Structure formats: C-alpha cells, structure tokens
Amino acid sequence: MLDLATITADAFRPHLNTQFTVVVSGSEAVELVLLETIEVGAERRGHRRGFSLTFGGGAASRILPQRTYEFRHPAFGSFELFIVPRTPQANEPRYEAVFN
C-alpha cells in the first residue's frame, strides 16, 4: 500500500509519462499523465524533502475542480490525492499535487 506520508519524489520519477486513472465519480474516470516531479526546499533530518507532481491530460472543456480524487496506477495501486488545477498548456489541463 502506498504511504503518502513517507513517499518521496524518487518513487514517482520512474513513472514519468505514464497514465494515472483519476476517478471523478462512481462511473466516470479521466486519464492523466505524470509530466513532472519537482523537489523543493532542503532535506531536513528525519523529514522527507518536499516535492510536487504535475499531471496533464483530460478534456480542455472540463477542468477538474481542486479536491481529493482516487488515483489508480499499476505500480502504486489505488490511493487518494489532492490536486489543484493549474494554467493549461497547449490547450491541455494541468494539475498539481504538493507533498510537504
């Protein structure tokens, strides 16, 4: 099981450019692609270094609102993640998840 409290950016890097299924409602899902992992701040003893994930994809006509969604990925299984919409690029929605 994925432990979001301790996972690091290194766990996500091998999965750049892979699809994550985001469950929007009971029967509706959107495919997002992990585009980027960015580490921020300095590593502190006993604490992981903060990082963010950037996802892209989905319909430009329907931006997902910020909230917690169920994500699914073959390497991680099912987990919940809070995402925030960002400025679209090349007419494609972007979303960010931040880990402190």
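Residue numbers for the sequence shown, in our numbering: -3 to 96.
For every residue, glycine included, the Cβ atom is placed at its ideal position computed from N, Cα and C.
Source: prediction; values computed, not measured.
Which two residues bound the contiguous alpha helix (DSSP H) that contains residue i?
| i | result |
| --- | --- |
| A5 | 5 to 8 |
Please classify residue i: is it buried, with 16 or more other beta-carbons within 10 angstroms of its beta-carbon, or exposed?
| i | result |
| --- | --- |
| F67 | buried |
| V94 | exposed |
| L12 | exposed |
| L112 | Missing from the structure shown is residue 112; the chain here goes from -3 to 96 and no further. |
| G22 | exposed |
| P10 | exposed |
| P89 | buried |
| L30 | buried |
Tell me, to the nearest whole angstrom, how far the beta carbon of residue i is from that of residue j; I am working on the premise that it is less than 8 Å.
| i | j | result |
| --- | --- | --- |
| L(-2) | F72 | 5 Å |
| Y65 | V19 | 6 Å |
| E112 | T50 | Any answer about residue 112 is impossible in this case: the structure gives the chain only from -3 up to 96. |
| Q62 | P81 | 6 Å |
| F16 | E35 | Not a contact, Cβ separation roughly 20 Å. |
Locate the beta strand (DSSP E) running through residue i, then write down its first and last residues.
| i | result |
| --- | --- |
| A25 | 25 to 36 |
| T17 | 15 to 19 |
Among all the DSSP beta bridges, which residues are the ones paired with residue i?
| i | result |
| --- | --- |
| F75 | F67 |
| R41 | For R41, which the question treats as bridged, DSSP gives no partner whatsoever. |
| S48 | I34, V94 |
| R82 | R90 |
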